[in-house]
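Residue numbers (our numbering), protein chains in the order written: chain P, -12 to 304; chain U, 37 to 253. Here a beta-carbon is modelled for each residue, glycine too, at the ideal position from N, C-alpha and C. Below is one structure; the comments refer to it alone.
Written out as structure tokens, the structure reads:
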């Protein structure tokens, strides 16, 4: 097995595993010192983090197509979860298959590095194709709902997540220090740290609710804590993993923490509309896949296009 | 040889079920770990049997006996018949009501097969609706399950509610759509002495599992 990855990325991964080890020790410590409180959810959360980080690390440490397959599978299980939770019409079963097929094609464009097709395939071609296939069924009742929810699902679960995968394909020239993989690790780490710190600050100091109707746990204090932590970390890590200067990394930190928050609340609104608590039980303590990728659905495309605009202009198309 | 083929089929089923469907199992601990048992589930799709088989470990591969329609599986094509007999290891049952009465040779043969399987600590998989109904609906139960329960009062009968498979692969279709499948396993029931009450109890427990699933979401 050949490991072809920049040293700063390796160190960052090692650092993440270190953080996880500390988190595990803290949960053990809490369970020992507060034996009367139930920490099983926290425990399950940390365990799921170990699993997710290990699988992700393996996928970027292995050779080239491994990470594309990883994200393709992630898109697949996210779309499958979404389509199982939303109401779909029985007559649209074949149309759903076409939507699944779009996952393979979208990641194929990434594999062959066809940037233009990667950008327009789902927003334009699938947008036009899905209603055509649906029209053949001849079922007009609930048509708008069916086509709207299906395409939204494809955008949310496949298109946005595929931006993570394209980061790995970016040429080394834009980020000589750590390459596309460095950008990917930077984005994922910031998004997840933002989630965790918003959660912790919210638990510790949360008082003023931002949008109690959609997500009662979201507080101003939590959001501010997340913004500060994420922006700080974005500035510290930037010279290590990315080509960003001080201003760019500070803006990105701010942008990622705010869009991550919106991505999270976006899925909360979806779940509230469907009348469900968690989107699943696939990740113990976290819920389903949608619960975990919620922030990424917003941060991934935002980060991607920010980076392309400032550092890769004219290098891709 | 058959054993090897069966193991290969079993492993392939497990992988396909996991990748295609992704199981959401509620109360896995209620599945039998040893001894004979009768699994009773609602029937909406060919995938039902594959999903139920995939719930068990590889060591149980020789012990699982789906009860299946004789006409559909054994009298249509020799290939399907061979597969049903030797790989799926089915216990055939005639579901045509008009053809033979309750006490005809056919049914006696079926109950004898079941008794033999139970004596060997095997696990029966049974769909009391008799056939694949329309998606996500529970048809009326036939009385065969009550007879079986009466003959084996100490064998646990485990009600199972399956949700999602009728949409993934409904009757009459051949391309499965990847969608999540919920498997809700209920507490085991035993024969209580009265046919009608037993059937009602069984139907009610499966309905309850369906309601519990809706609440847990």
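When DSSP states are grouped into helix, strand and coil, residue 197/U belongs to the strand group. Taking every protein chain shown into account, the CB of residue 106/U has 16 or more other CB atoms within 10 angstroms, so this residue is buried. Nearest Cα to residue 171/P within the set 289/P, 16/P, 186/P: 289/P. DSSP, reduced to helix, strand and coil, places residue 157/U outside both helices and strands of the structure shown, so it counts as coil.
Listed as beta-bridge partners of residue 218/U by DSSP are 60/U, 199/U.
Under the three-state reduction of DSSP output, residue 212/P falls in the helix class.
Looking at the backbone, the Cα of residue 21/P and that of residue 187/U are separated by about 54 Å. For residue 128/U, there is no enclosing alpha helix (DSSP H); the enclosing beta strand (DSSP E) has its first and last residue at 127 to 129.
For residue 199/U and residue 146/P, the gap between their C-alpha atoms comes out near 29 Å. Take the alpha-carbon of residue 205/U and the one of residue 214/U: they are about 9 Å apart. Listed along chain U are 58, 216, each with a C-beta nearer than 9 Å to that of residue 68/P.
Taking the Cβ atoms as the reference, residue 76/U lies roughly 5 Å from residue 162/U, within the contact range of under 8 Å. In this structure, residue 291/P keeps its C-beta atom at 8 Å or more from the C-beta atom of residue 87/P. At a cut-off of 8 Å between C-beta atoms, residue 116/U does not count as an interface residue with respect to chain P. The beta carbon of residue 182/U sits closer than 6 Å to the beta carbons of 231, 234, 235 from its chain, once the five residues preceding and following it are set aside; these are given in chain order. Counting only runs of 4 or more residues that sit fully inside the segment 49 to 112 of chain P, the alpha helix (DSSP H) segments are 52 to 72, 80 to 98, 102 to 107, in chain order.
Look at residue 102/U here: in three-state DSSP terms it is strand. Rounded to the nearest whole angstrom, the C-alpha separation of residue 190/P and residue 151/P is 30 Å. Residues of chain U whose Cβ lies closer than 8 Å to the Cβ of residue 71/P are, in chain order, 200, 215, 216.
Cβ atoms of residue 286/P and residue 174/P come within 8 Å of each other, at about 6 Å. In the structure shown, the three-state DSSP call for residue 183/P is helix.
Taken in chain order, the members of the segment 221 to 253 of chain U whose beta-carbon sits within less than 8 Å of a beta-carbon on chain P are 253. Per DSSP, the unbroken alpha helix (DSSP H) holding residue 276/P starts and ends at 276 to 280. Contact check between the segment 225 to 239 of chain P and the segment 198 to 216 of chain P: fewer than three CB pairs, one atom from each, fall below 8 Å, which does not count as touching.
Fewer than three Cβ pairs drawn from the segment 77 to 84 of chain P and the segment 97 to 108 of chain P lie within less than 8 Å of each other, which leaves the two stretches out of contact. Neighbours of residue 174/U in chain P, taken as residues at a C-beta separation under 7 Å, are lacking, since the least C-beta distance is about 17 Å. Checking the DSSP bridge columns, you'll see residue 77/U partnered with 196/U. In the three-state reduction of the DSSP assignment, residue 124/U falls in the coil class, being assigned neither a helical nor a strand state.
If the five residues before and after residue 140/P are omitted, its C-beta is found closer than 8 Å to the C-beta atoms of 66, 69, 70, 73, 86, all from its own chain and listed in chain order. In the three-state scheme derived from DSSP, where H, G and I count as helix and E and B as strand, residue 206/P is classed as strand. At a cut-off of 8 Å, the C-beta of residue 203/U has a neighbouring C-beta in chain P. Nearest CB-CB separation between residue 47/U and chain P: not below the 8 Å threshold. Taking C-beta atoms as the reference points, residue 123/P and residue 138/P fail to come closer than 8 Å. Of all residues in the segment 76 to 89 of chain P, only 77, 80, 83, 84, 87 come within less than 7 Å of chain U when Cβ atoms are compared, listed by chain position. Taken in chain order, the unbroken stretches of alpha helix (DSSP H) that lie wholly in the segment 208 to 263 of chain P and span 4 residues or more are 233 to 261.
Pairing residue 298/P with residue 162/P gives a Cβ-Cβ distance under 8 Å.
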